[in-house]
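The block underneath contains the structure these notes are about, expressed in structure tokens.
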Amino acid sequence: MNFKEILNSPVKQAFQAVYGAEIATEKIQFQETRKEFEGDVTLTVFALIAVSKKSPEITANEIGDWLVANNEIVAKYNVVKGFLNISFTPQYWLQEFDAITSSAKFGFSPITEKSPVVMIEYPSPNTNKPLHLGHLRNIFLGSAISEILKATGNKVVHTCLYNDRGTNISKSMLAWTMAGSKDTPENTGLKGDHLVGKFYVQYSNAFKAELEQLVASGLSKEDAEKQSKLNKQVSDLTLKWENGDADVRSLWSKMNGWVYQGFEVTYQWLGIKPEKFYYESDVYNLGKETVQEGLEKGVFFRKDDGSIWIDLTADGLDEKVVLRSNGTTVYITQDIAVANEKERDFNLDKSIYVVGNEQEYHFKVLFLILKKLGRKYADNLFHLSYGMVELPSGKMKSREGTVVDADDLIQEMLSMAKEKTAEKGKTEGQSDADLEALYRIIGMGGLRYFLLKVDPKKKMLFNPAESIETEGHTGPFIQYSYARIKSLLRKGGEIQTGKVSIADDKILPKEITLILTISGFPEVLNEAANTYNPSVVANYAYELAKEFNQYYHETHISKETDVALRNFRLQLSGQVAAVIQNAMQLLGIEVPEKM
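Following this line, the structure appears as structure tokens:
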């Protein structure tokens with residue numbers, strides 16, 4: 001709720017009446033009342049004493065007295081040092097509740113023809129390995145931000161860039177060739193992305209062993225890498241691909257095809273379907289064209305070895321190569337080309353890249369290059385940087401095969417959800433199909449919520465066992481709270497809709513707290529959209545569920561004998577459930593009717 005809009009004018013009137021002075025709007029600052037104090041909103045008085053010429057406490061009391069006497073929605077106040085804690089009348093909160101319940105989908109903004117067009121790129125994986133735990137955080141962040149932006153009135157386009165060429169892909173291809181060229185997803189029973197990833201690890205192990213031998217013979221590590229036969233073979237394979245070698249291109253196409261099939265299975269599990277795929281292999285030559293444009297404009301320069309660079313030292317960065325001496329491109333070159341393609345295809349108002357924080361420097365360089373090239377859209381680019389996900393055993397490494405595979409983790413979460421559900425012993429009367437659906441809802445809900453409740457900028461430690469608990473700050477706790485409300489509503493019978501009519505002295509403080517919390521949902525959505533931070537929504541859903549559970553344990557709801565009061569409490573419970581459901585759906589999390 002925007003208390004600034006509600007109380008700005010009354011506070012200005014109070015200053016005029018009490019002190020005969022005008023007060024600037026920017027000096028009127030509100031904040032949420034701390035839980036240990038009574039009040040619905042707090043006015044910070046310190047910025048106002050220059051006008052009142054009195055102490056913060058006296059100023060707060062005089063403003064509070066005037067508001068209670070002259071504003072019908074202010075019931076009472078209390079002062080803690082320089083903070084004026086204001087409480088609204090119960091009738092005001094009932095009117096606010098009526099307004100909430102009359103909204104078709106409270107807190108959501110419509111998408112119109114004039115809505116901004118926002119592109120979100122994720123997960124954009126390499127095609128040399130399967131998706132892992134880090135990719136899951138990427139996917140969940142991208143998906144949640146997409147839904148939050150839609151809920152706040154934006155048209156969203158979901159794209160995925162496949163990094164489908166280069167040395168890492170060549171490493172998997174070389175290892176497959178060296179192994180005898182016989183393994184396929186069909187004859188091994190492996191998903192295609194898992195099979196290709198297996199060969200990537202095999203190459204890394206072979207390369208490591210080769211380097212150890214060369215170093216043991218007396219070479220430095222740097223010289224060993226230069227003399228590595230495997231390294232040379234990978235470089236040759238990459239160059240052959242660049243030159244269009246038919247056999248290399250055929251093998252590349254076959255192995256990438258296996259990976260795409262494997263990714264698609266995981267995407268279906270996760271409920272994502274990009275509207276547009278971009279492929280690095282399609283744009284690398286377009287990147288070369290842009291490099292030539294940059295040379296002609298004087299943005300880039302050529303070194304003696306033929307490589308092409310940009311000097312960003314005056315901008316506090318560094319020199320950056322955009323084309324190697326052998327004519328091959330680098331990641332930044334492809335990203336320049338893809339950015340141009342995105343703008344041409346969609347005429348975007350905003351383009352968001354969901355990529356881990358180890359690429360922050362890369363995106364600073366990319367955005368600056370595009371600006372120097374004169375691309376008007378460069379100011380509308382944003383890197384949604386997020387911290388890495390670590391395990392109790394430490395950081396994951398793909399080349400060493402120590403990552404947590406996404407598919408394996410999903411299956412583990414489903415198994416844990418099944419085990420936890422069986423422990424509670426509340427599965428009687430449910431069909432096998434219903435139970436399988438419940439395990440999926442709980443397992444995936446626990447996984448998604450755990451990865452989304454942390455601010456994206458922070459790195460995090462993932463604990464599967466903790467994520468599936470139905471108590472504490474978890475997705476299953478919120479899901480269980482929703483199921484509890486749905487059970488309450490089923491037992492409560494028919495609920496009369498329409499305007500609430502109960503006496504002021506009947507409404508409980510906890511009910512005002514719940515209405516206050518619900519009324520803040522639109523602001524939560526706007527904050528999450530403006531900061532690209534789904535954890536704002538995740539933590540809001542948890543706080544709302546926690547508030548309701550306290551209310552549920554302290555209050556007669558369906559057993560209340562006063563019919564009007566009982567109806568109000570059931571309506572309030574239903575609205576809490578609706579907001580929880582909407583918040584969780586924005587995070588990609590389902591909530592079960594029974595649990």
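Each residue of the sequence shown is one higher than the one before, starting from 1 at the first, in this note's numbering.
Built from N, CA and C at the ideal position, the CB exists for glycine as well.
Just so we're clear, the structure is a prediction, and the values are computed from it rather than from any experiment.
Residues bridged to residue i [DSSP beta-bridge criterion]
{"i": "Thr333", "result": "None; Thr333 has no bridge partner."}
{"i": "Asp405", "result": "His132"}
{"i": "Val118", "result": "Val156 and Lys350"}
{"i": "Glu390", "result": "Leu461"}
{"i": "Tyr77", "result": "Ile86"}
{"i": "Arg302", "result": "Ile308"}
{"i": "Gly356", "result": "Tyr386"}
{"i": "Asn8", "result": "BP columns for Asn8 are empty, so no partner."}
{"i": "Thr112", "result": "According to DSSP, Thr112 bridges with nothing at all."}
{"i": "Glu319", "result": "Asp311"}
{"i": "Lys276", "result": "Thr159"}
{"i": "Phe30", "result": "Leu43"}
Buried versus exposed call for residue i [16 or more other C-beta atoms within 10 Å across all chains shown]
{"i": "Asp345", "result": "exposed"}
{"i": "Arg302", "result": "exposed"}
{"i": "Lys198", "result": "buried"}
{"i": "Lys342", "result": "buried"}
{"i": "Gln16", "result": "exposed"}
{"i": "Asn597", "result": "Because the chain here runs from 1 to 595, residue 597 falls outside it and cannot be looked at."}
{"i": "Gly287", "result": "buried"}
{"i": "Lys191", "result": "buried"}
{"i": "Ser415", "result": "exposed"}
{"i": "Ser103", "result": "exposed"}
{"i": "Gly262", "result": "buried"}
{"i": "Tyr361", "result": "exposed"}
{"i": "Asn2", "result": "exposed"}
{"i": "Ala179", "result": "exposed"}
Own chain residues within Cβ distance below 6 Å of residue i, not counting five before or after
{"i": "Asn168", "result": "Asn126 and Asn128"}
{"i": "Tyr19", "result": "Ser52"}
{"i": "Gln496", "result": "Asn567"}
{"i": "Lys276", "result": "Thr159"}
{"i": "Ala578", "result": "none"}
{"i": "Arg324", "result": "Ser307"}
For residue j and residue i, the rounded distance between their alpha carbons
{"i": "Ile485", "j": "Leu514", "result": "14 Å"}
{"i": "Val74", "j": "Asp65", "result": "10 Å"}
{"i": "Arg490", "j": "Val591", "result": "16 Å"}
{"i": "Tyr77", "j": "Ile63", "result": "10 Å"}
{"i": "Leu391", "j": "Asn463", "result": "7 Å"}
{"i": "Leu214", "j": "Lys254", "result": "33 Å"}
{"i": "Phe477", "j": "Val321", "result": "50 Å"}
{"i": "Pro522", "j": "Lys182", "result": "57 Å"}
{"i": "Met444", "j": "Lys426", "result": "20 Å"}
{"i": "Ser596", "j": "Val365", "result": "Summary: the structure shown does not reach residue 596, with the chain confined to residues 1 through 595, and so no result is reported for it."}
{"i": "Ile502", "j": "Asn61", "result": "31 Å"}
{"i": "Lys171", "j": "Ser115", "result": "45 Å"}
{"i": "Glu598", "j": "Thr44", "result": "Absent from the structure is residue 598, since the part of the chain shown begins at 1 and ends at 595."}
{"i": "Trp176", "j": "Glu466", "result": "39 Å"}
{"i": "Gly153", "j": "Thr112", "result": "7 Å"}
{"i": "Val117", "j": "Asp407", "result": "32 Å"}
{"i": "Gln292", "j": "Met119", "result": "27 Å"}
{"i": "Thr555", "j": "His473", "result": "23 Å"}
{"i": "Asp432", "j": "Ile441", "result": "14 Å"}
{"i": "Pro185", "j": "Gln411", "result": "20 Å"}
{"i": "Leu136", "j": "Arg34", "result": "35 Å"}
Same chain, Cβ closer than 7 Å to residue i, five either side skipped, listed in chain order
{"i": "Arg448", "result": "Phe140, Gly475, Leu587, Gly588 and Ile589"}
{"i": "Asp405", "result": "Pro130 and His132"}
{"i": "Val80", "result": "Phe37"}
{"i": "Tyr92", "result": "Ile73"}
{"i": "Val454", "result": "Met460 and Ser535"}
{"i": "Ala538", "result": "Tyr449, Leu452, Lys453 and Leu587"}
{"i": "Phe371", "result": "The displayed chain sequence assigns Lys, not Phe, to residue 371. Closer than 7 Å at Cβ, skipping near neighbours: Ala378."}
{"i": "Ile100", "result": "Phe106, Ile518, Ser519 and Gln575"}
{"i": "Ala541", "result": "Ile478, Ile580, Ala583 and Met584"}
{"i": "Glu547", "result": "Thr513, Leu514 and Thr517"}
{"i": "Pro10", "result": "Leu67 and Asn71"}
Nonlocal neighbours in the same chain, by C-beta distance under 8 Å from residue i, ignoring five residues either side
{"i": "Leu488", "result": "Tyr552, Ile557, Ser558, Leu570 and Ser573"}
{"i": "Ile148", "result": "Leu525, Ala528, Ala529, Pro534, Val537 and Leu586"}
{"i": "Tyr480", "result": "Thr470 and Met595"}
{"i": "Tyr200", "result": "Asn128, Lys129, Asn168, Lys171, Ser172, Ala175, Ser398 and Arg399"}
Proximity test, residue i beta-carbon vs the ligand COA heavy atom, cut-off 8 Å
{"i": "Glu469", "result": "The model depicted lacks the ligand COA and carries no ligand whatsoever."}
Counting pairs of Cβ atoms below 8 Å between the stretch 419–439 and the stretch 156–163, do you hit three or more?
Not touching, per the Cβ criterion.
Stretch pair the stretch 208–224 + the stretch 234–249: three plus CB contacts closer than 8 Å:
no
Would you call the stretch 304–311 and the stretch 260–276 touching, i.e. three or more CB-CB distances under 8 Å?
no
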